[in-house]
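Some notes on the structure that comes next.
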Amino acid sequence: TDSDAAMAKLYATEMLARVTDEAIQIYGGMGLMSLMPLERLWRDARVERIWDGTSEIQRHIISRAMLRPLEKE
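Structure (structure tokens):
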């Protein structure tokens, strides 16, 4: 379903962002140099959070699916 896909995308992209941010912290300034593969991963992680809907849109899809059973007919 759409909500399952949204949950998977949200979890994967948020975790990717956390991991790459932590790696940048570990590497310090060297992690942001274009010679390091980490710099590319960090940039790609930012794009993934926007691609096919932002994290906020994914949260909206998930919350809409969770609240649907509570709607009055």
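Under this note's numbering, the first residue of the sequence shown carries the number -1, and numbering increases by one thereafter.
C-beta atoms are modelled at their ideal positions from N, C-alpha and C, and glycine is treated no differently.
Close-in-space but distant-in-sequence residues of the same chain around Met31 (CB under 8 Å, 5 per side omitted): Glu37
Let's see if you can read the secondary structure: which residues bound the alpha helix (DSSP H) around Pro35? Pro35 to Glu46
Is the distance from the Cβ of Ser53 to the Cβ of Glu20 below 8 Å? no
How would you call Lys70, buried or exposed, if buried means at least 16 neighbouring beta carbons within 10 angstroms? exposed
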